Every structure is written in C-alpha cells, then in structure tokens.
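If you read the sequence shown in UniProt numbering, its first letter stands for residue 1, the second for the next number, and so on. All C-beta atoms, glycine included, are put in the ideal place defined by N, C-alpha and C. It should be emphasised that the depicted structure is a prediction, and the values quoted were computed from it without experimental measurement. The next block holds one structure in the form of structure tokens; read it before the comments.
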Amino acid sequence: MASQKERDTHVYMAKLAEQAERYDEMVESMKKVAKLDVELTVEERNLLSVGYKNVIGARRASWRIMSSIEQKEESKGNEQNVKLIKGYRQKVEEELSKICSDILEIIDKHLIPSAGTGEATAATVTANTDLSSTHPIRLGLALNFSVFYYEIMNSPERACYLAKQAFDEAIAELDTLSEESYKDSTLIMQLLRDNLTLWTSDLPEDGGEENVKADEAKAVEPKSADAKSADAKSTDTKSPEPERHYPKGDEVDNSLLQLQRSIFA
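This is how it looks when you write it as structure tokens:
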C-alpha cells in the first residue's frame, strides 16, 4: 500500500504544476493519486477536475482555431492548405478522444470502486439514468449535444430541435426546481435560449419539424461512438472566431464541475 508521504508528494506536485500552468503534468500527478485506489479528498478531486478541464480546454481552443482557418482556406479554394489543416485538426481530435477516454477509465476503474460508501456509486447511477428535465447535468448534456449537431454535424435543424425540446421540458417543470440547483439550471436554460436565438437565423423559411425528421433519418449512428469526445469540444467562452456560435461554456463548465464533483462526495 502506498505511503501517505507518496500521496502527499503527488498532490504537492499537482499544485505546483497548476501554479506553473503545466496542466498536462498536473493531470499526470493526480492520475497517480487516483491509481493508488484510495478515496480522494475534496481537495484531490478538485485538483483532478481542474487538471482535466484545462488540458481539454486548451485542445478545444486549438480545434476551433483550426476549424476557423480551415473555413477561410476553403473559401479561398486553397485545397492543399485545407488538406494540411484537416490532418492537423484530426491530430487534436485524437488527443481529445484519448484524454476523455482516460478520465472515464480513471473514474470507472479507480474512483468509484474506491468510494468509501455506496453514495458515490448511487449518485453515478442516478446521474446516468434518472435526472429530471430541470437537472443542471441533464440540461448541460442537452446543451453540449445540440452544439455538437450544430458545429460538428452541420445540422442547425437538429440542433434547434434538441435545444428547444430541452428548454421546453425544463420550463414545464420549472415549479419543481429545487432551490439548490435553481441558479445552475436557469443559467443553462438561458444559454439554450441564447443559442436558439442565434441558430434560428440559419434555418430555412420552411424548415422546422420536417427537416428535423429528415435529419433524424440520416445514418449518424456510426459517429455516435465519438459523441463524448465531440461533446467535450462543445462549449467554451474563449472562442477566437466571433462569427461562429458557441455557448458560454466556461460558465456551464464551472457549474457542472461543482455538480459532478458531488458524485464522488
């Protein structure tokens, strides 16, 4: 069994890496703590969350910059440059996929099995199977998934349909919203509405439900395995290209981060 000194050393190195803004190394230090198969303290969970949030965030920003440049090169007809950019962007996507798979493996193999009580496991099951339409995590998922359809699948009809459905369902149950999650839920609902306002300008005059149904009939299932990594690229405030529509993701990230930490409390 690992000594407390070894554990403390990893935690200290993670804090040091955070101060130096070397987040990849911060993650590596906290992975070592998680792999000790001990129940994490609140501080340790926060360090792990912050580390992963930043390594993912940096690559999300890179992906968006490259996507913006790719669009500009395509409009100029520079096919050779477009080919180079696509290859580079794919490299970033692979990194994102690996990072997301990495943290999911840490959660499944180390964090949940090491929970001191059944509360962490119960909370995880509840989060995955039984969330109300006003729950911040469910709303955040709808937000991410709708942005995935808008930005990755280039399907504004489907994006608007998902966002509107989530917003309308939450509005219908607004009176059941608990006081503790009111702020988080209403924030994400506002982001859903903001996106709907932006995205509806892209819809054709006679669009709507018929286009959505036609879109649903398309074979998108083969790409569903990458949905989690695509969702990880969905929301962010630091978008370098103002002409593209992104939700104010850092606000969502921070509120969801607090909620997700409670799963392992």
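I need the DSSP call for residue i, collapsed to helix, strand or coil.
i, result
"Pro156", "helix"
"Pro113", "coil"
"Val42", "helix"
"Lys83", "helix"
"Leu176", "Before going further, note that residue 176 is Thr rather than Leu in the sequence given. Helix."
"Arg193", "helix"
"Arg22", "coil"
"Gly140", "helix"
"Asp37", "coil"
"His10", "helix"
"Asn54", "helix"
"Thr186", "helix"
"Thr134", "coil"
Do you know how far the Cα of residue j is from the Cα of residue i?
i, j, result
"Gln19", "Glu173", "42 Å"
"Glu74", "Ala61", "20 Å"
"Asn81", "Asp108", "41 Å"
"Ala159", "Val11", "41 Å"
"Ser67", "Lys83", "12 Å"
"Glu180", "Ser132", "14 Å"
"Glu105", "Lys31", "11 Å"
"Ser3", "Lys183", "41 Å"
"Phe167", "Ser201", "18 Å"
"Thr9", "Ile103", "21 Å"
"Thr41", "Glu21", "22 Å"
"Leu162", "Leu203", "14 Å"
With a cut-off of 8 Å on the beta carbons, I'd call residue i and residue j a contact; round off their distance for me.
i, j, result
"Leu141", "Met189", "Contact flag wrong, Cβ pair sits at about 13 Å."
"Ala17", "Glu25", "4 Å"
"Arg64", "Glu95", "Contact doesn't hold; Cβ gap of about 14 Å is too wide."
"residue 305", "Ile152", "Given a span of 1 to 265 for the chain in the structure shown, any question on residue 305 remains unanswerable."
"Tyr23", "Asn54", "4 Å"
"Leu143", "Leu192", "6 Å"
"Asp37", "Ser101", "So it is not a contact: roughly 20 Å between Cβ atoms."
With a CB to CB cut of under 7 Å and the five nearest residues on each side skipped, what residues in its chain are close to residue i?
i, result
"Gln71", "none"
"Ile69", "Ile85"
"Lys164", "Leu196"
"Ser29", "His10, Met13, Ala14 and Ala17"
Between residue i and the rest of its own chain, which residues show a CB-CB distance below 6 Å, the 5 nearest in sequence each way excluded?
i, result
"Lys15", "none"
"Val92", "Arg59, Ser62 and Trp63"
"Thr134", "Ala170, Glu173, Leu177 and Ser185"
"Arg89", "Met66"
Looking at residue i and the ligand NAP, is the gap between the Cβ and the nearest heavy atom below 6 Å?
i, result
"His110", "With respect to small molecules bound, the structure shown includes none, and the ligand NAP cannot be examined in it."
Counting only the same chain and skipping the five closest in sequence on each side, list residues whose C-beta sits under 8 Å from that of residue i.
i, result
"Glu43", "Val11"
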